[in-house]
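Q:
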Amino acid sequence: MKKLLPLFAMAAFLAMGSAHAADSCDTKAIDKNGKPLAGAAKTSFMKKCQKETAAAACEPKAVDKNGKALAGAAKNSFMKKCEADTKG
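Heads up, the working numbering is the position in the sequence shown plus 25, with the first residue counted as 1.
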């Protein structure tokens, strides 16, 4: 049971992070005239915003076991997996 507790904590943390990202993207969904976006424009904006938010959250974690930043294929693989995990 003690081994499962960190897993549950991590899952709860990730769930809260993606919910918070959706809220912040929703508040940013405003056109250049200050009106809220609607329809396809809002859908497109939300998709792009959530992807960028996930990438920004994963970027600092992209380090190897020695603490050096990942590069190339290793970084691409890590970022893809991290973003998928963040989406849930």
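We treat Cβ as the ideally placed atom computed from N, Cα and C, and that holds for glycine.
As the structure is a prediction and not an experimental result, all values here were calculated from the model.
(1) Rounding to the nearest angstrom, what Cα-Cα distance links L95 and D89 in this structure?
(2) What residue does the alpha helix (DSSP H) around G97 start on, and which one ends it?
(3) Between the stretch 91-111 and the stretch 64-80, do at least 3 Cβ pairs fall closer than 8 Å?
(4) Where does M71 sit, in a helix, a strand or coil, going by DSSP?
(5) Compare the beta carbon distance of A87 and F103 with 8 Å and say whether it is the shorter of the two.
(6) Looking at the structure shown, is G63 part of a helix, part of a strand, or coil, going by DSSP?
(7) Please work out which residues of its chain come closer than 7 Å, Cβ to Cβ, to K93, disregarding the five sequence neighbours upstream and downstream, and give them in chain order.
A: Answer, in terms of the structure:
(1) 6 Å
(2) G97 to K112
(3) yes
(4) helix
(5) yes
(6) The question names Gly, but residue 63 is Ala in the sequence shown. In this structure, A63 counts as coil in the three-state DSSP scheme.
(7) none
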